[in-house]
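The numbers in the sequence shown follow my numbering, run straight up by one, and end at 647.
Think of the CB as a built atom: it goes at the ideal place given N, C-alpha and C, for glycine as much as any other residue.
What follows is a single structure, written as structure tokens, with notes after it.
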Amino acid sequence: MENEYLRRNKTMAEQKKNYATKKKGKTKGYPFWNMEDIKGMIDYFRNNEMWNDYLKFMLLFLFGRRVGDTLDMVWSDIFYPNGTMKDEIRTIEEQKTGKYNIIYVSPYAKQVIKEYLEITKINPMDDLDDYIFPYDMKYEWRKMGEDEFFHEQKSPNCSDEEALEMIAEFVGKYNKDYGEDRIGKILSEWRKHQKEFKTLGEFIYKEVIFKDISKWQVGAFDKVFKKAVEYNNIQYKVTIHSIRRSFGYYSKVIHPHDMLCLETLQNIFGHSDTQTTMHYIGLSEERERMYYQDIGEFLSGVSNGNYDLKKNSPVVTVKEQDLRNIILKAIKMRPEDNAVALNEILDEIDNVKLE
């Protein structure tokens, strides 16, 4: 049996070499600034009949979740046992936070999923526990779960020496090439989260092995993603995480007058404050870029003898009677939530403004 485990692990190690790993330094990408680039990415996957990668891209954009969490989804996250597609997903645990957030499944998301199933002839009802995005090493991981090693091992009350002994046993049994730093990190993380697991074996199985495999699958998709970016000749920096950032960026673009937009996105992304959200979805960079462009235009004008300073402030033109009606409505409103009231007034202005 041990030889079989060694064989599987060697296969994992060989495949792992082909996958991208995170490099040190600043690797953050921007959202997809241009809608044409989004269309180009979608067309790339469709035209090359890369349906699995097409669905990854679409669900990442439509659900706004992290890449690893999305690739870990199973069909039961989306479908009820009777075959009905869910309107809300409440079963996805975030790897990073351990939280369960609600994902709302839009009509278009359902349309994309149905199209994918029709093209690929996949029937989720055959196995609701199957991964939406199959990955060989995840199936190997499930088989590893049958090993008693991960069920009847050191309790949370074991000493560091006992825990290190078990980790060393795991490393030897599964032929892992972990160095001292990695082993030390496993012990440290175990101590932080030991109350969440019955045994150290369960922690190793779920938090160490599975998360490694999940990262490798993300890396595999990252390579495919980069080829699509290169094909579309996208000149600014985008990464697989740009898809989620684009969910936030275009949500803000679509709802320009919604005073609660950033708070809503903050809740969706699980950020600690709206400033973090602004930076995450690229609004901070967009504003900074605008300032540089404005200074450039200012200095260009000055160098040509134009001293007319134009302030970049929003001006909206409406008819006098429309403005009277909106002001009258605002006076009559007595809502408990001022932000909601302001949103309604801004929507009214948006509807009657003159182009």
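Going by beta carbons, V359 and I532 fall inside the 8 Å limit.
Note that the C-beta distance between H443 and G390 is not below 8 Å. It is roughly 9 Å from the alpha-carbon of F517 to the alpha-carbon of F349. Of the candidates D418, I395, S398 and P399, the residue whose Cα lies closest to the Cα of P373 is D418. A633 and Q613 have their alpha carbons spaced roughly 20 Å apart. For the stretch 313–384, the continuous alpha helix (DSSP H) assignments of 4+ residues that do not extend past its boundaries occur at 327–339, 343–355 and 359–363, in sequence order. Taking C-beta separations shorter than 8 Å and ignoring five residues to either side along the sequence, the partners of W343 in its chain run F337, Y408, I411 and T412, following chain order.
Between the C-alpha atoms of S480 and N525 there is a straight-line separation of about 44 Å.
Y427 sits in coil when the DSSP states are folded into three classes, being neither helix nor strand. Counting of Cβ neighbours within 10 angstroms places L591 among the exposed residues, the total staying below 16. Using a Cβ distance threshold of 8 Å, V500 and L420 do not count as a contacting pair. Shown here for S564: not one same chain residue has a beta carbon closer than 7 Å to its own, the five before and five after excluded. Per DSSP, the continuous alpha helix (DSSP H) segment holding H571 begins and ends at T566 to Y572.
DSSP lists E380 as the beta-bridge partner residues of Y396.
It is roughly 50 Å from the alpha-carbon of H549 to the alpha-carbon of D473.
By the criterion of at least three beta-carbon pairs nearer than 8 Å, the stretch 425–434 is in contact with the stretch 502–510. Straight-line measurement puts the Cα of M333 at about 27 Å from the Cα of T556.
Distance from the Cα of M429 is smallest, within the candidate group Q558, D364 and E578, for D364. For G562, no alpha helix (DSSP H) run applies, since DSSP gives it neither H nor E.
In the structure shown, T609 adopts extended strand secondary structure according to DSSP, grouped into three states.
Closest in C-alpha terms to V463, from the list I478, S595, K484 and V594, comes I478. Judged by pairs of C-beta atoms under 8 Å, the stretch 563–581 does not touch the stretch 389–406, as fewer than three such pairs exist. Of the residues assessed, P323 falls on the buried side of the cut-off, its CB having 16 or more other CB atoms within 10 angstroms. Contact between G562 and N393 holds: their C-beta atoms lie close to 7 Å from each other, under 8 Å. For E472, the enclosing alpha helix (DSSP H) covers residues E472 to H485. Counting the other Cβ atoms within 10 Å of the Cβ of A460 gives fewer than 16, which makes it exposed.
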